[in-house]
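Residue numbers (the working numbering), protein chains in the order written: chain A, 1 to 254; chain B, 255 to 479; chain C, 480 to 700. A quick write-up on the structure given underneath.
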Amino acid sequence: MTILRARALAKRFGTIDVLRDIDLDVERGERIAILGASGSGKSTFLRCLNFMELPTSGRVELDGRVVGSERGRDVSYRESELTAVRQKVGMVFQQFNLFPHMTAVGNVMEGLRTVRRQSKPEARARAEKELARVGLADKAETYPAHLSGGQKQRVAIARALAMDPELLLFDEPTSALDPELVGEVLTVILSLAEEGRTMLLVTHELGFAYHVATRVIFLADGTIHEQGTPDEILKNPKKERTRAFLASHRQFSF
Amino acid sequence: MYKWDFAPVFANAGLLAEGLANTLKVTAVALGCGLVLGLALALLRLSPRLFLSWPAGFVIEVFRTTPPLVQLFWFFFALPLIAGIEMTPFVAAVTTFSIQSAAFFAEVFRAGIQSIERGQWEGALAIGMSRRQALNHIVLPQAVTRMIPAFLERSIELMKTTTLVATIAYADLLYQANAIAQKTYRPLETFTVAALIYFVVIFAFSLLARRLERRLAVGGESTVH
Amino acid sequence: MGQAWDFASVFANTDALIAGAIGTVRLFAICLVLGLGLGLLVGLARYAHSRWFNIPATVFVEFFRNTPVLVQMLWFYFALPILVPLEISSLAAAALGISLNTAAFSAEIYRGGIQSIERGQWDGARAIGMGWGQTMRRIVLPQAIKRMMPALTNRAIEVFKMTTLASAVAYVELLQQGKLIASLNFNPIEAYTTIAVIFFVILWPLVQLTYVLERRLKRDE
Chain A
1 MTILRARALA KRFGTIDVLR DIDLDVERGE RIAILGASGS GKSTFLRCLN FMELPTSGRV
61 ELDGRVVGSE RGRDVSYRES ELTAVRQKVG MVFQQFNLFP HMTAVGNVME GLRTVRRQSK
121 PEARARAEKE LARVGLADKA ETYPAHLSGG QKQRVAIARA LAMDPELLLF DEPTSALDPE
181 LVGEVLTVIL SLAEEGRTML LVTHELGFAY HVATRVIFLA DGTIHEQGTP DEILKNPKKE
241 RTRAFLASHR QFSF
Chain B
255 MYKWDFAPVF ANAGLLAEGL ANTLKVTAVA LGCGLVLGLA LALLRLSPRL FLSWPAGFVI
315 EVFRTTPPLV QLFWFFFALP LIAGIEMTPF VAAVTTFSIQ SAAFFAEVFR AGIQSIERGQ
375 WEGALAIGMS RRQALNHIVL PQAVTRMIPA FLERSIELMK TTTLVATIAY ADLLYQANAI
435 AQKTYRPLET FTVAALIYFV VIFAFSLLAR RLERRLAVGG ESTVH
Chain C
480 MGQAWDFASV FANTDALIAG AIGTVRLFAI CLVLGLGLGL LVGLARYAHS RWFNIPATVF
540 VEFFRNTPVL VQMLWFYFAL PILVPLEISS LAAAALGISL NTAAFSAEIY RGGIQSIERG
600 QWDGARAIGM GWGQTMRRIV LPQAIKRMMP ALTNRAIEVF KMTTLASAVA YVELLQQGKL
660 IASLNFNPIE AYTTIAVIFF VILWPLVQLT YVLERRLKRD E
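If you want it as structure tokens, here you go:
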């Protein structure tokens, strides 16, 4: 079952075409790792899928329905429709973006209270469950300022999960973390993968991508340069640029 | 429907121009004195000798914590009796606003000087400069660039504050406007014109100040308010 | 010199001073609430992307920040009654003049505070489906208010000082009473010194509070 479908997606900032003509189908249960050099458009692509950025052209279909109103080749978007989309397509950020004036459980509850309009006890119960799932039940009343980077990211994941998204987008979730904290976050993401969650993962952790992903996409110059299974892309890349990219990542591996 | 009639106002344009000139005169003189006095106050305040820094601190606090109009009345009505001197509205105004802006400038100077990191002082002293040389050659020049935006802000504030002199019968723009309004029985047109004149003049200075600030910021020094 | 200072006659008029104090506080409260309240609306409008809000708000802010309060006050007292068939009391004229000026200044404080909240907070809120209003109300403003406290307390102090301008339209506040006492007892020195001291005593703690807030903010950032 195709959850999301992107067709001819393009994004232009000023005079720069960051994304050109991307087609992607995401089936339920797929875990897609997106690799690419900086400036290749990976984050922009992800942000277009939950409309944090509006595509310049092309369209996105969620659950079979086009997001926005099509008028010939142009699509126009209404904010109310986009906020509804964002409840179904969750995102975890590189910089966590937790709300510093709320506790961990407060952060996780916020979407349920304000967007879903659930009662406090209902939202709290759910939030505590999600925090327990990411292993932070004991930090419920702690403020983000007193959490480590890894803990903050796990709270961010719990916050996204609380909204029951159909699709999870991870935008370099471990790039801002100290190396020894990366593991705890990857473990959580792995557990979500084992549950069968559908996810798109922009990451530099090639090893993790190899183990978790069902498909790997390599972006270059704003388009999909090469895609395939983890074995195909990470172990036997066919295209030169993919090879060069992987080589630069392996430069100092031992 | 009210019939607007600006003719009587424009007939008195000469008085308005005079008033504007007087406003600018008071502002300029108070600004000049205030800057000099403010630097002196700041240096006194920063002095490690208590008998210098305390009185300076006292003056600064009093003039920042009491309303300008009260200060003006005090200088115009009270001081002449204490000191036995003649006080014209102009002198009272200039005295009040010089000291008042000096108190604010002193704080801007102080913040600016203190914002220069210790390293600069130490670098200067380490090559054998005296404290005064360090201040004049190394610290103050850097501090001044940072303080310019705050100064410009304060100066524009001063331009607005000087309207208070109308209450002690100094013939500034507002005083003239009031006189004309009473003479011509056209307060609506008169005060509207006066307000617009103030707006145009002050806004123009405000834009100039902003452009200057931007140019300074581009020069590499970030401006801190 | 040589003349003995006569504070006795000032204190004999304590009831006049109290009436003045009440007038000052009343005007202060009205202007603070109106000014900061309207300022928030204008500040949000300044921050909005839509030109329909942005441009009128900018015009408002530029006009009322770049005209002296006294001029506005006199305009409301003398000019407005001609345009509009209403009685404009000295309280109304003073309140309008000071409030609009305060609104314009505080609008910029609000805008600056809101803009200082990093974009990631907006991203985090939007990503869980929150709209503009919800994000502003639940996430951005609560964080921004803390940062704006020093500047807003400063504004409050300025408003308190500005109440003295109301004496120009004969509103009964502290300075006006000072003028009254001085003219009745021929003791301007004692009268105005007393008024100055009263203001100093009231405002000095507030000024110290501003310093404390500023320092705490710097430490937390």
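A virtual CB, placed ideally from N, CA and C, is assigned to each residue, including glycine. Since we're looking at a predicted model, the values are computed, not measured.
- For Pro-441(B), the chain C residues whose Cβ falls inside 7 Å of its Cβ are Phe-557, Ala-558, Ile-561, in order along the chain.
- Phe-329(B) and Asn-97(A) have their C-alpha atoms roughly 56 Å apart.
- With distances taken between CA atoms, Lys-239(A) lies nearest to His-225(A) out of His-225(A), Gly-135(A), Phe-252(A).
- Below 8 Å, too few C-beta pairs join the segment 612 to 622 of chain C and the segment 666 to 674 of chain C to call them touching: fewer than three.
- Secondary structure of Gln-251(A) (DSSP, three-state): coil.
- Membership of Leu-285(B) in any beta strand (DSSP E) is not indicated; the residue belongs instead to the alpha helix (DSSP H) covering 267 to 300.
- Residue-level contact check: Pro-667(C) touches chain B, since one or more beta carbons of chain B fall below 9 Å from its beta carbon.
- Residue pairing by DSSP puts Ala-10(A) in a beta bridge opposite Ser-57(A).
- Every beta strand (DSSP E) stretch that sits fully inside the segment 84 to 159 of chain A and reaches 3 residues is listed by chain position as 89 to 92.
- Judged by their CB atoms, Met-109(A) and Arg-126(A) are nearer to each other than the 9 Å cut-off.
- Distances from the CA of Phe-459(B) to each of Thr-399(B), Ala-435(B), Ile-410(B), Gly-292(B) were compared; the closest alpha carbon is that of Ile-410(B).
- When DSSP states are grouped into helix, strand and coil, Glu-587(C) belongs to the helix group.
- The beta-carbon distance between Leu-4(A) and Val-18(A), rounded to whole angstroms, is 20 Å. This is too long to meet the 8 Å contact definition.
- Spatial neighbours of Arg-86(A) in its own chain (CB-CB distance under 6 Å, excluding positions within 5 residues in sequence) are listed in chain order as Asn-50.
- By the rule that beta-carbons nearer than 9 Å mark a contact, Lys-414(B) touches chain C.
- Around Ser-646(C), the same chain offers Glu-652, Leu-654, Gln-655, Lys-658 as residues with beta carbons nearer than 7 Å, after the five sequence neighbours per side are excluded.
- What Arg-86(A) touches in chain C, judged by beta-carbon distance under 8 Å, is Arg-605, Ala-606, Ile-607, Gly-608, going in chain order.
- Per DSSP, His-391(B) lies in no alpha helix (DSSP H) segment and is marked neither H nor E.
- The C-beta of Trp-554(C) comes no closer than 9 Å to any C-beta of chain A.
- Between Phe-260(B) and Ile-451(B), the alpha-carbon positions lie close to 14 Å from each other.
- Within chain C, no C-beta atom comes nearer than 7 Å to that of Val-185(A); the closest sits roughly 17 Å away.
- Chain order gives the chain B residues near Val-686(C) as Glu-315, Arg-318, Thr-319, where near means a beta carbon separation below 8 Å.
- About 7 Å separates the Cβ atoms of Glu-205(A) and Leu-186(A), confirming a contact at the 8 Å cut-off.
- Beyond the five residues adjoining it in sequence on each side, Ala-145(A) comes within less than 8 Å, by CB distance, of Pro-100 in the same chain, given in chain order.
- Beta-bridge pairing by DSSP links Ala-33(A) to Leu-201(A), Val-216(A).
- Nearest C-alpha to Lys-235(A) among Gly-222(A), Thr-174(A), Arg-215(A): Arg-215(A).
- Residues of the segment 47 to 75 of chain A with a Cβ closer than 7 Å to any Cβ of chain C, in chain order: Asn-50, Met-52.
- According to the DSSP assignment, Gly-228(A) belongs to the beta strand (DSSP E) that extends over 223 to 228.
- Going by DSSP, Arg-372(B) is part of the alpha helix (DSSP H) stretching over 372 to 380.
- Your pair Ala-284(B) and Ser-352(B) checks out as a contact, with CB atoms roughly 5 Å apart and the cut at 8 Å.
- Burial is judged here by how many other beta carbons sit within 10 angstroms of a residue's own beta carbon; Gln-436(B) has fewer than 16 and is exposed.
- Per the coordinates, the alpha-carbon of Leu-692(C) lies some 12 Å from the alpha-carbon of Pro-684(C).
- Taking the C-beta atoms as reference points, Pro-173(A) is found nearer than 9 Å to Thr-203(A).
- With fewer than 16 other Cβ atoms from the protein chains shown falling within 10 Å of its own Cβ, Asp-74(A) counts as exposed.
- Tyr-256: these are the residues of the segment 256 to 268 of chain B whose beta carbon lies less than 8 Å from some beta carbon of chain C, given in chain order.
- For the C-beta of Gly-111(A), the chain C residues within less than 8 Å are, from N- to C-terminus, Ile-607, Gly-608, Met-609.
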